[in-house]
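Trainee:
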Amino acid sequence: MSLHVGLKNVTKLVIFPTIAQLVCVARKETRPQPDEEHKEPTLLEKWADFVKISHTVFALPFALSATVLAARAQHAGLEKSLQENHVAMKHGWPGWKLFFLIILAMVTARTCAMAFNRIVDRKFDALNPRTKNRHLPTGQISLISAWTLCLLSGVLFIGTTFGIDQVAELNQGTLVCFMLSPVALLFILGYSFTKRFTDFTHIFLGIALAISPIGAWLAVNGSFDFTGSIKHSAIIPTLLAMIVVLWLIGFDIIYAIQDFKFDRTHKLHSIVVRWGPDNALNVAFFIHIIMLILMLLFGILAGFKMSYWIGLLIVSCCIGLEHWIARKRSLDWVQKAFFNLNAIISLVFLAMVVTEVSIVPKFISWRLW
5 MSLHVGLKNV TKLVIFPTIA QLVCVARKET RPQPDEEHKE PTLLEKWADF
55 VKISHTVFAL PFALSATVLA ARAQHAGLEK SLQENHVAMK HGWPGWKLFF
105 LIILAMVTAR TCAMAFNRIV DRKFDALNPR TKNRHLPTGQ ISLISAWTLC
155 LLSGVLFIGT TFGIDQVAEL NQGTLVCFML SPVALLFILG YSFTKRFTDF
205 THIFLGIALA ISPIGAWLAV NGSFDFTGSI KHSAIIPTLL AMIVVLWLIG
255 FDIIYAIQDF KFDRTHKLHS IVVRWGPDNA LNVAFFIHII MLILMLLFGI
305 LAGFKMSYWI GLLIVSCCIG LEHWIARKRS LDWVQKAFFN LNAIISLVFL
355 AMVVTEVSIV PKFISWRLW
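Numbering (the numbering used here), first residue to last: 5 to 373.
1. Considering only the beta carbon of each residue, do S69 and V364 sit closer than 9 Å?
2. If distances are taken between C-alpha atoms only, which option among V187, F289, F290, A260 comes closest to V276?
3. For Q78, name the three-state secondary structure that DSSP assigns.
4. Going by C-alpha to C-alpha distance, which of I192, H327, T165 sits closest to L209?
5. Leaving out five residues on either side along the sequence, give the residues of the same chain with a beta carbon under 7 Å from the beta carbon of I218.
6. Could you give the first and the last residue of the continuous alpha helix (DSSP H) run that contains G232?
7. Can you tell which of I329, L250, I162 has its C-alpha closest to the C-alpha of F290?
8. Kindly confirm or deny that the stretch 159 to 169 and the stretch 128 to 139 touch, where touching means at least three C-beta pairs closer than 8 Å.
9. So for W221, helix, strand or coil by DSSP?
10. Does V171 come out as helix, strand or coil in the three-state DSSP assignment?
11. Could you give the C-beta distance for V361 and G96, rounded to a whole number, given that I count them as a contact under 8 Å?
12. Can you tell me whether DSSP reads D39 as helix, strand or coil?
13. Buried or exposed: which applies to V27, given that a residue is buried once 16 or more other Cβ atoms fall within 10 Å of its Cβ?
14. Under three-state DSSP, which class holds A306?
15. Cα-Cα, which of A355, G163, T152 is closest to L453?
16. Cα separation between E117 and C154?
17. Does the beta-carbon of V72 have 16 or more other beta-carbons within 10 angstroms, so that it is buried, or is it exposed?
18. Please identify the residue among F204, I304, T198 whose C-alpha is closest to the C-alpha of I239.
19. Would you identify the three-state DSSP class for I145, choosing helix, strand or coil?
20. Short check: CB of S157 to CB of A113, under 9 Å?
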């Protein structure tokens with residue numbers, strides 16, 4: 005029931021508002037009301053906007069999906085006497101403590117990375133018409149405050165991984181998450197510099213986001229084991245990480261088109277700058293096709309049933325709509341609606357996994373094949 009309640013809350017608080025925002029943008033009804041134009045944001049709203057806390061919805065659903073799958077795999081690897089004491093784990097529930105620690109690790113790691121990105125890019129942001137009104141260029145947030153948030157978030161992330169290793173009692177006391185946390189942190193922070201020297205900065209961003217499902221799997225299982233049943237092995241999180249990488253690469257290429265002229269003028273690198281917007285869109289489309297193929301393979305290997313394929317159809321439609329937006333609509337429309345579409349993709353994927361692991365095994369026995 006815990007997973008069901010959580011999914012219901014996510015649907016009510018995130019999916020429905022996201023769809024409503026898409027409809028408003030499509031109808032061009034996003035003009036601010038007179039009372040809203042000069043509304044001063046609260047301190048909390050200012051900091052949340054500084055690190056784009058709402059964009060956590062991109063990585064978090066994939067981390068939670070890996071958590072559910074890892075719990076199922078962990079249960080399958082237990083002795084039968086222990087399986088009876090961990091029935092909830094069979095249906096993807098790792099326990100409240102581990103669940104919240106994984107979320108905390110995700111939020112703190114992302115906050116640290118986002119604050120660091122804003123800090124190192126502040127001079128470029130001040131010159132870019134699209135980003136010149138961000139918090140650091142305009143002085144809404146001081147550089148010292150930004151560094152403080154970055155450092156505190158990083159320390160809290162590392163501390164949270166230590167807590168994860170302590171709570172995950174079935175991991176036999178390993179400190180794998182704690183020991184790997186500095187490596188993960190260095191990688192997600194290092195992404196911020198890649199645009200200065202490589203055209204393939206999108207790949208680094210994809211890998212940075214793909215760390216989340218890998219980390220969630222390790223948080224529950226404590227190791228990567230490629231032996232045994234495929235649907236319970238490390239093949240599953242590895243394939244999921246590849247899906248996330250490809251999704252982000254295509255997504256980021258399209259989003260980078262907005263800054264094509266600015267990046268080219270200031271010698272910042274991307275595939276868009278290297279090959280031009282039209283060719284870059286073709287690359288993004290090809291990458292997203294490969295992503296959908298991997299999602300098909302993922303569903304088969306994970307032993308999923310019809311509800312997954314319905315979800316995959318929804319994801320495919322969202323991907324198609326993304327590329328239609330990128331080619332047929334204005335860049336302003338892309339900026340307003342694009343993040344909402346990708347939020348739907350990640351949330352639908354989480355709903356697919358939760359349904360297959362916690363609901364379908366109890367009530368439905370048929371498959372697509």
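All residues carry an ideal CB built from backbone N, CA and C; glycine is no exception.
Mentor: In short, the structure shows the following:
1. In the sequence shown, counting from the first residue as 1, residue 69 sits at position 65. In the sequence shown, counting from the first residue as 1, residue 364 sits at position 360. Against a cut-off of 9 Å, the Cβ pair of V364 and S69 comes out as no contact.
2. Walking along the sequence shown from the start, residue 276 turns up at place 272. The option with the nearest alpha carbon to V276 is A260.
3. If you number the sequence shown from 1, residue 78 lands on position 74. DSSP places Q78 in helix when its eight states are reduced to three.
4. By 1-based counting over the sequence shown, the position of residue 209 is 205. The shortest C-alpha separation from L209 is found at I192.
5. Taking the first residue of the sequence shown as 1, we reach residue 218 at position 214. So the qualifying residues of the chain are P241, A245.
6. As a working mapping, residue 232 is identified with position 228 in the sequence shown. Where G232 is concerned, there is no enclosing alpha helix (DSSP H), given that its DSSP letter is neither H nor E.
7. Within the sequence shown, the letter at position 286 stands for residue 290. Ranking I329, L250, I162 by Cα distance to F290 puts L250 first.
8. no
9. Working through the sequence shown from its first residue, we reach residue 221 at position 217. W221 falls in the helix class under three-state DSSP.
10. Mapped onto the sequence shown, residue 171 falls at position 167. Reduced to three states, the DSSP call for V171 is helix.
11. In the sequence shown, residue 361 corresponds to position 357, counting from 1. In the sequence shown, residue 96 corresponds to position 92, counting from 1. So it is a contact: roughly 4 Å between Cβ atoms.
12. Along the sequence shown, read from residue 1 onward, the residue named residue 39 stands at position 35. Model confidence at D39 stands at a pLDDT of 47, short of 50, so the residue's coordinates are unreliable; what they give is reported in the following sentence. Note: D39 maps to helix in three-state DSSP.
13. Within the sequence shown, residue 27 is the residue found at index 23, counting from 1. Low confidence applies to V27: its pLDDT is 43, below 50, so where it sits in the model is not reliable, and the reading given next is rough at best. Answer is exposed; the Cβ neighbour count stays below 16.
14. Your numbering for residue 306 matches position 302 in the sequence shown. A306 falls in the coil class under three-state DSSP.
15. The requested residue 453 does not occur in the structure, where the chain is confined to residues 5 to 373.
16. The count along the sequence shown starts at 1 and reaches residue 117 at position 113. The count along the sequence shown starts at 1 and reaches residue 154 at position 150. In the sequence as presented, Glu is not what sits at residue 117; that position holds Ala. About 7 Å.
17. Taking the first residue of the sequence shown as 1, we reach residue 72 at position 68. Buried, because 16 or more other Cβ atoms sit within 10 Å of the Cβ of V72.
18. Along the sequence shown, read from residue 1 onward, the residue named residue 239 stands at position 235. The candidate whose alpha carbon is nearest that of I239 is I304.
19. Stepping through the sequence shown from its first residue, residue 145 is reached at position 141. DSSP places I145 in coil when its eight states are reduced to three.
20. One-based indexing of the sequence shown puts residue 157 at position 153. One-based indexing of the sequence shown puts residue 113 at position 109. Result yes, Cβ atoms of S157 and A113 sit closer than 9 Å.
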